[in-house]
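Below is one structure, written out as structure tokens, with a few remarks after it.
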Amino acid sequence: MPWSRIPQSQSKVDGHRIISFKDAIREATDQAMNLDPNVFAIGLDADDKFGVFGTMLDMSHPERIIGTPISENAMTGVAMGAALSGMRPIFIQLRVDFMMLTMDQVVNYIAKWRYMTQGKVKVPLVIRAVIGRGWGSGAQHSGSYQALFSHIPGLKVVMPSTPFNVKGLFLAAVQDDYPVIFIEHRWLYKNTGHVPEEMYSLPLGKGAVVREGRGLTVVATSIAAVDVANVCEQFGYDAEVIDPQTLKPLDEPLILESVRKTGRLLVVDYDYPMCGFASEVCALVAEKAWSSLKAPVSRLTFPESPMPASGVLEKAYYPTARIAQRIEEVLGAQ
Amino acid sequence: MNKTYAAETISVPSQAVAVALLRRMRIIRQVEERIITIYPTDVMVTPVHLHIGQEAVPVGVCAHLNDADKIFFGHRTHGPALAKGLSIKSLMAELYGRTTGCAHGYGGSMHLVDPERGMLGSSSIVGGSIALGVGSALAAKLRGEPWIAVSYFGDGATNSGVFWESLNFAALKRLPVLFVCEDNGLSNVMAKSDHMFADVERVTAEFMPTLHADGTDVLSVYAAVEEAMTHVRGKRGPALVYCPTKRWMKHQGVEVDDLAINPVDRDADCAIARLERLMLQSGLITADESRDMVASIEAEIDAAIEFAIASPFPDPAELVREV
Chain A
126 MPWSRIPQSQ SKVDGHRIIS FKDAIREATD QAMNLDPNVF AIGLDADDKF GVFGTMLDMS
186 HPERIIGTPI SENAMTGVAM GAALSGMRPI FIQLRVDFMM LTMDQVVNYI AKWRYMTQGK
246 VKVPLVIRAV IGRGWGSGAQ HSGSYQALFS HIPGLKVVMP STPFNVKGLF LAAVQDDYPV
306 IFIEHRWLYK NTGHVPEEMY SLPLGKGAVV REGRGLTVVA TSIAAVDVAN VCEQFGYDAE
366 VIDPQTLKPL DEPLILESVR KTGRLLVVDY DYPMCGFASE VCALVAEKAW SSLKAPVSRL
426 TFPESPMPAS GVLEKAYYPT ARIAQRIEEV LGAQ
Chain B
544 MNKTYAAETI SVPSQAVAVA LLRRMRIIRQ VEERIITIYP TDVMVTPVHL HIGQEAVPVG
604 VCAHLNDADK IFFGHRTHGP ALAKGLSIKS LMAELYGRTT GCAHGYGGSM HLVDPERGML
664 GSSSIVGGSI ALGVGSALAA KLRGEPWIAV SYFGDGATNS GVFWESLNFA ALKRLPVLFV
724 CEDNGLSNVM AKSDHMFADV ERVTAEFMPT LHADGTDVLS VYAAVEEAMT HVRGKRGPAL
784 VYCPTKRWMK HQGVEVDDLA INPVDRDADC AIARLERLML QSGLITADES RDMVASIEAE
844 IDAAIEFAIA SPFPDPAELV REV
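For the record, the sequence lines run as chains A and B.
Residues 126 to 459 (my numbering) make up the first sequence, in order.
Residues 544 to 866 (my numbering) make up the second sequence, in order.
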């Protein structure tokens, strides 16, 4: 098994090489394909000159990068069929919104296959789904949907946030024998940070403490974790910022331990509010750390509406500008 | 390309092949006839979609497959699964919901699996598993391995977008996949003329070699698939075999179908009777041998049911497992 040679890293590695988030994905994909001939990438425009926001350019094995027609449903089934038959496909969706065309395959097939066959057949498949807003992309090109996928038994859901964790989490996802929905916010692609050149994996199901503090716990996903950390840095809040990194399986002990220390919880999640990931974390804390709470739990999410197009509305739709105010409210609440 | 295999143009295969085809069709028929007798006692708590009357298609197809070849089929599972080599014991134990079933009792009739025999799972949602066969064929191509994949479906599935998407991709990428349409003329209780506007075979012939077989004649299916295999196994590209046949039973359950749009002649439309007559006439089997074959299959079914009943049920403590 070539993958047994990949070391697992659980802490931030101090390194000197700084690369971008997108280059970290590119490097991880290239290394995975070099390591294991069963790894291949497939998807609409996976092989075009734009290279999926630059994450698929200059690869060592272009023969294992397959562009597809606009047939999302069948192509998801094709990726799964290959996964059942010995391959480790990376299926690429340029927008998570397109995955709504594939939900039959994702929910009825990919998620359930291992259970229905009681492990006789596994589905080692990664689906890269790009999320984010920008330039009036509008209601059908700006979705997030992490809660939708997290709701389904049989799927793992990963949301990387830094160049370091995207490489380690991606290599862990490709190596995993369960199907993984790997959700990338496209505003992260240009961010830079330390990334070791060698292969390493980060365990799925382990979150990270982005910033330590004692006043409140802020759980934030994907780019929201970056936004929250920046706000805390700027205003000097005594906040413990937790990035779960994988929504499913969820690192419950990390969140509970922090809330037992701080007694206050805010969850910032760029997704719809109803039955969302923020609601899930609040339920977790209410069930298992109730006696530690000094104030009501709080959620900061998209509003209960689709994404608008006009720049003014689009900016207001993301709750980023309201993070500081909400932190102060939670800190001051009795 | 459209080619039709009519009975008069087909030569009888060797005795060994003919006996194997007859035996395999009878296994499907006799297993399902036994299910019909057991089902009303409610010991098999799983929806069944019986294959009686359609046996010629899976048997004629799977006679050309080996264990390394993959097959993906839909909700009407018993026929293709038994034809591909699933043991009667594994099937019966699954229908009885026991741990010795092919999916340890977690799958049921519609989700049969046997990786050692190339069955990587089946789906009860019409259409989607067609794409799995195409993806499996892509794996064979990328790995440079000699096996092929089969996407096996009914006429109802040709209504679905995933069917046409799969055909297009298999043709574009030249994948070693055999599409088999077992057309029983009915989508649940809807006549084909009410659910499909076009002549499917004429359209699929634009994408790949398309062969037409009589799905109530196992020798016709056998000959058509033999030629299709020259494309799929030989030239490593896709082909489709279209097999009109007759569904004798209701879409689901163990009752005889009495739809006016589905008249069945239980003698003329019976692939088993047709083959047996031909074999008796041409001396490929004697009446005694034929009777013995039926009896030995009955004994196998008896043993499988005893095995299933003696097997334990799954432990509720293991409800959440492999998820």
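Every residue, glycine too, gets a C-beta built ideally from N, C-alpha and C.
None of these values were measured; they are calculated from a predicted model.
Hey, is residue i's beta-carbon within less than 8 angstroms of any beta-carbon in chain A?
i: B/Arg660; result: no
i: B/Ala674; result: yes
i: B/Tyr639; result: no
i: B/Ser501; result: Outside the shown range of chain B, which is 544 to 866, sits residue 501 of chain B, and nothing can be said about it.
i: B/Gly780; result: no
i: B/Asn702; result: no
i: B/Asn731; result: no
i: B/Val677; result: yes
i: B/Glu749; result: no
i: B/His592; result: no
i: B/Glu708; result: yes
Is it right to say residue i is buried, meaning 16 or more other beta carbons lie within 10 angstroms of its own, or is it exposed?
i: B/His594; result: buried
i: B/Gln558; result: exposed
i: A/Lys174; result: exposed
i: B/Ile673; result: buried
i: A/Ser347; result: buried
i: B/Ala838; result: exposed
i: B/Cys645; result: buried
i: A/Asp396; result: buried
i: A/Ser435; result: exposed
i: A/Lys245; result: buried
i: A/Arg389; result: buried
Mapping DSSP to helix, strand and coil, what is residue i?
i: B/Met733; result: strand
i: B/Ser839; result: helix
i: A/Val343; result: strand
i: B/Leu710; result: helix
i: A/Ile460; result: The structure shown does not extend to residue 460 of chain A, since chain A spans only 126 to 459, so no value can be given for it.
i: B/Lys627; result: helix
i: B/Gly632; result: According to the sequence as given, residue 632 of chain B is Lys; it is not Gly. B/Lys632 falls in the helix class under three-state DSSP.
i: A/Ala364; result: strand
i: B/Arg619; result: coil
i: B/His607; result: coil
i: A/Ser423; result: strand
i: B/Tyr785; result: strand
i: B/Ser554; result: coil
Under DSSP, the beta strand (DSSP E) around residue i begins and ends at which residues?
i: A/Pro214; result: 213 to 218
i: B/Ser694; result: 692 to 697
i: A/Cys407; result: A/Cys407 -> not in any beta strand (DSSP E); alpha helix (DSSP H) instead, spanning 402 to 413.
i: A/Gly168; result: 164 to 168
Less than 8 angstroms separating the beta-carbons of residue i and residue j?
i: B/Lys722; j: B/Leu783; result: A small fix is needed here, since residue 722 of chain B is Phe in this sequence, not Lys. Yes, these two residues count as a Cβ contact at 8 angstroms.
i: A/Met212; j: A/His186; result: no
i: A/Ile380; j: A/Val344; result: yes
i: B/Arg717; j: B/Phe856; result: no
i: B/Gly676; j: B/Val693; result: yes
i: B/Glu865; j: B/Leu565; result: no
i: B/Ile631; j: B/Ala767; result: no
i: A/Ala298; j: A/Leu329; result: yes
i: B/Glu873; j: B/Thr788; result: Summary: the structure shown does not reach residue 873 of chain B, with chain B confined to residues 544 through 866, and so no result is reported for it.
i: A/Gln271; j: A/Phe427; result: no
i: B/Val656; j: B/Met662; result: yes
i: B/Pro623; j: B/Pro590; result: no
i: A/Arg253; j: A/Ile217; result: yes
i: A/Leu375; j: A/Leu327; result: no
i: A/Glu439; j: A/Gly261; result: yes
i: A/Pro444; j: A/Ala264; result: no
i: B/Leu596; j: B/Tyr765; result: Residue identity differs from the one stated: residue 596 of chain B is Gly in this sequence, not Leu. Not in contact: B/Gly596 and B/Tyr765 (Cβ atoms no closer than 8 angstroms).
i: A/Leu160; j: A/Pro127; result: yes
Answer yes or no: does any C-beta atom of chain B fall closer than 8 angstroms to that of residue i?
i: A/Ala298; result: no
i: A/Lys245; result: yes
i: A/Pro374; result: no
i: A/Gly211; result: yes
i: A/Phe274; result: no
i: A/Pro249; result: no
i: A/Trp238; result: yes
If I follow the unbroken alpha helix (DSSP H) through residue i, where does it start and stop?
i: B/Glu744; result: 743 to 750
i: A/Phe146; result: 146 to 160
i: B/Ile570; result: 558 to 581
i: A/Glu439; result: 436 to 442
i: B/Val761; result: 761 to 772
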